[in-house]
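J.:
Chains as they are written, first to last, in this note's numbering: chain A, 1173 to 1407; chain B, 7 to 89.
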């Protein structure tokens, strides 16, 4: 009966890599995200290595991608600041997009691990928490760099008694970014694996397509929100 | 005995969490989609812009359901009350 199911559902088990007594890493997350980073960097490097006036296929693709990422940052941050934060926002978008799609498109299940299984790296809450914390560090840094100590005026606007709410907001922003991405990806993968264990063939495909669509929207949302938070601080 | 009572309560609680979390965003998404259709019917030439905004706001509403789902999943798979 066990072998009848093509996939079994494992939640919360990881392939641990031990560094020393107290520190250990989630191996499948690290390997998956390293893979995504390497693929994206190699593609972008080789497609823009020799720029031509009449672009070829890959160069056209990278240029379209750049225009799209520029429009995300530009629409939130405005003409005078977008260039400073474009690298951050586009890195976030590309990494999350690559991670989300790698979970569905790459047949990771071929590789057997002793414990846990390969999935999208954003399936691990540590990855999304790291991205969310990076976002909040960036908007603090942006505020200090552009406004100096006048940054703290933000906390007593529009009036002083909103101070606690403004402070709480600094914590809820990364929390909601974190849970939004994590929950969406986990929900997608759980739905697909539950359907796979019920009907292994053909039926899960529309759900997987929906998952691809939803996860690309999530990458867009994360990048848009990160740039919106930065814009809110420096305006 | 105590553990099994906690397990049963967590299963019911996770079902309730997902179920109730679905209500609000469902109503909200229905409203948003209805308004978007109205807007497209009135002004078909801005369909692309309306669709983009609609999808973005859908994802925000979706997030509220997902919070319920995260609570349900943590109750089912990572329950802090069962040793």
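Every residue, glycine too, gets a C-beta built ideally from N, C-alpha and C.
Computed from a predicted structure; not experimentally measured.
(1) Please classify residue 1178 of chain A: is it buried, with 16 or more other beta-carbons within 10 angstroms of its beta-carbon, or exposed?
(2) Considering Cα atoms alone, identify which of A:1335, A:1356, A:1367 is closest to residue 1386 of chain A.
(3) Could you check where the alpha helix (DSSP H) with residue 1354 of chain A kicks off and where it finishes?
(4) Based on the DSSP secondary-structure assignment, which residues constitute the bridge partners of residue 1196 of chain A?
(5) Could you check which residue in A:1331, A:1398, A:1365 has the C-alpha nearest to that of residue 1383 of chain A?
(6) Just to confirm the assignment: which complete alpha helix (DSSP H) runs, minimum length 4, are found wholly within the segment 1205-1280 of chain A?
(7) Could you check the C-alpha separation between residue 45 of chain B and residue 56 of chain B for me, to the nearest Å?
(8) Does the CB of residue 75 of chain B have a neighbour CB from chain A at under 7 Å?
(9) So residue 1268 of chain A and residue 1394 of chain A are in contact, right, with Cβ under 8 Å, and what is the actual spacing, rounded?
(10) Quick one: grab the DSSP three-state call for residue 1284 of chain A.
(11) Please report the straight-line C-alpha distance between residue 1398 of chain A and residue 52 of chain B, rounded to a whole angstrom.
(12) Which same chain residues end up closer than 6 Å to residue 1327 of chain A when comparing Cβ atoms and leaving out the 5 residues on each side of it in sequence?
(13) Nearest to residue 1244 of chain A by CA position, among B:62, B:14, B:38, is which residue?
(14) What do you get for residue 41 of chain B, buried or exposed, if any count of 16 or more other CB atoms within 10 angstroms of its CB means buried?
(15) Which residues in chain B have a C-beta closer than 7 Å to the C-beta of residue 1248 of chain A? List them in chain order.
T.: Here's the rundown:
(1) Low confidence applies here, because residue 1178 of chain A scores a pLDDT of 45, under 50, leaving its location unreliable; read the following figure in that light. Label assigned to residue 1178 of chain A: exposed.
(2) A:1356
(3) 1335-1370
(4) A:1190
(5) A:1365
(6) 1229-1249, 1254-1277
(7) 8 Å
(8) yes
(9) 5 Å
(10) coil
(11) 26 Å
(12) 1335, 1338
(13) B:62
(14) exposed
(15) Correct list: empty, because the minimum Cβ distance to chain B is about 12 Å.
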